[in-house]
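Asker:
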Amino acid sequence: MSKRIFSGIQPTGIIHLGNYFGAIYNWLELQKEYDSIFSIVDLHALTVHQDPKKLNRNIYDLAKIYIASGLDPKKNIVFRQSDVKEHVELGWFLNCVTPIAELERMTQYKDKSEQHKQNVNSGLFTYPCLMAADILLYDTNVVPVGEDQLQHVELARTIAKKFNNLYGDVFILPEGKINKVSARLKGLDNPEKKMSKSATSENNYIALSDDSDLIRKKIKKAVTDSGTDIKFDPNKRPALANLMTIYHLVTGKEAPEIEKEFKGKGYGDFKSELAERVVEFVEPIQKKFNSISDKEIDSILADGAQRAKKLAEKKMEQVRKVIGL
Ligand code: TYM
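Just remember that my numbering sits 8 ahead of the position in the sequence shown, which is counted from 1.
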């Protein structure tokens, strides 16, 4: 039996290059070798208030991005989290074995509760238990994510161990997997912080849905470090290193080759070239995205839900039994 991967993205509107290269880009390779499940984790998105109409649209659009990027919904399971109610049920059971102290350690919780001071809800706090349920429900071996989610995957592993100690060998212990190059793309406006959907300025990120002119404008505005030549030095010149990483990801060229290409040239030349390469990279995805209808997505998600449910129901029978329900 081939090993299984599970991963997901929240349908919160913007899918940026960090999400693409930190997650989807790696899934494209992994789907060839693993039994793969990719979810649109809509329940997770509710930890921040979502406009109902927009949420519904964002779910369809994220599914379209999955398909337009090249995820195969026939070979893999592509589904919406809320279509499989077992996630919530297992999430509750896991809540009941997870120490509060473990949840309090989560960096994302600390950051988000700082950011959304007016809505620090308990869903935001117990979110890693729901994420653990997503992973453990499907006997997942490997969870490919960006760096910011590794801590949650490690907690899922801790929770699985805790549960197994109490009830026997029920869950496989999952491992996180990152792509070192793209695990943490930084904000274009601040290379100290990750590229983020919830950034205050939209100049922080390039969204897959940005049109060519907006991409050019954002890259032109991207902050750079002191110095003028094109040299890859993440410690001394983190802003340029981040842009060079993006250049590498969209062209496949390694840093020495990029340095050679821009020898004698400055930031301006590099940025204009980078903008064109990014535009060229996202255009085919956008074209494909626009060619997919909502009806096609309905049918992909219905099929995915049915297949995911089959696995989830079987696992939950086992879980309820060991718990004594
Ligand atoms: P989310 O929706 O915030 O992000 C989706 C994926 O994008 C990665 N990512 C990045 N990678 C590189 N550079 C960045 N700047 C960057 N920003 C985001 C994230 O690490 C993630 O892989 N809790 C998860 C969703 C989730 C999940 C799961 C993932 C729910 N259940 C089960 C895996 C398994 C989240 O909020 O990701």
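Note that CB positions come from ideal geometry on N, CA and C, so glycine has one too. Keep in mind the model is a prediction, meaning the values are calculated, not measured.
1) Find the nearest neighbour of Ala215 within the set Pro152, Glu291 and Asn34, judged by alpha-carbon distance.
2) Report the rounded CA-to-CA distance for Asn149 versus Glu94, giving the unit in angstroms.
3) In the region 240-266, which residue ranges form an unbroken alpha helix (DSSP H) of at least 4 residues, counting only runs that do not cross its ends?
4) For ligand 1, I want to know if Val151 counts as a neighbour, meaning its beta carbon is within less than 7 Å of at least one of the ligand's heavy atoms.
5) What residue range does the beta strand (DSSP E) around Ser15 cover?
6) Let me check you understand the geometry: is the CB of Lys118 closer than 7 Å to at least one non-hydrogen atom of ligand 1?
7) For Ala76, which residues from the same chain have a beta carbon less than 7 Å from its beta carbon, with the 5 sequence-adjacent residues on both sides left out?
8) CB Phe46 to CB Ile143, shorter than 8 Å?
9) Whole angstroms is fine: what's the gap from Leu51's alpha carbon to Ala310's?
10) What separation, rounded to the nearest whole angstrom, lies between the Cα atoms of Leu145 and Lys323?
11) Apply the 10 Å Cβ neighbour rule to Leu193 and answer buried if 16 or more other Cβ atoms are within range, or exposed otherwise.
12) Since Pro152 contacts Ala320 with CB under 8 Å, what's their CB separation in whole angstroms?
13) Which residues mark the beginning and the end of the beta strand (DSSP E) in which Arg192 is found?
14) If distances are taken between C-alpha atoms only, which option among Gly131, Val330, Arg285 and Pro19 comes closest to Val178?
15) Which class does Arg113 belong to by DSSP, given the choice of helix, strand or coil?
16) Ser10: buried (16+ other C-beta within 10 angstroms of its C-beta) or exposed?
17) Where does the unbroken alpha helix (DSSP H) through Pro292 begin, and where does it stop?
18) Which residue spans inside the region 11-59 form an unbroken beta strand (DSSP E) run of at least 3?
19) Provide the residue span of the beta strand (DSSP E) that contains Lys185, from first to last.
20) Mind checking Arg113: buried by the 16 CB within 10 Å criterion, or exposed?
Answerer: Reading from the atomic positions:
1) The option with the nearest alpha carbon to Ala215 is Glu291.
2) C-alpha separation (whole angstroms): 19 Å.
3) The qualifying runs are 246-259.
4) The answer is yes for Val151.
5) Per DSSP, the unbroken beta strand (DSSP E) holding Ser15 starts and ends at Arg12 to Ile17.
6) Lys118: no, Cβ never under 7 Å from ligand 1.
7) Here the set comprises Ile293, Lys296, Phe297 and Ile300.
8) No.
9) Taking the straight line joining both Cα atoms gives about 17 Å.
10) Taking the straight line joining both Cα atoms gives about 6 Å.
11) The residue in question, Leu193, is buried, as its Cβ has 16 or more Cβ neighbours within 10 Å.
12) By a beta-carbon distance limit of 8 Å, Pro152 does not contact Ala320. Their separation comes to about 20 Å.
13) Where Arg192 is concerned, there is no enclosing beta strand (DSSP E), because DSSP gives it neither an H nor an E.
14) The shortest CA-to-CA distance from Val178 to any of Gly131, Val330, Arg285 and Pro19 is the one to Val330.
15) In the structure shown, Arg113 sits in coil (DSSP, three-state: anything other than H, G, I, E or B).
16) Classification of Ser10: exposed, given that the 10 Å Cβ count is below 16.
17) Per DSSP, Pro292 belongs to the alpha helix (DSSP H) from Tyr275 to Ser299.
18) If we require 3 residues or more, the beta strand (DSSP E) runs fully inside the region 11-59 come out as 12-17 and 43-48.
19) From DSSP, the beta strand (DSSP E) with Lys185 extends over Glu183 to Lys185.
20) By the neighbour-count rule (16 or more Cβ atoms within 10 Å), Arg113 is not buried but exposed.
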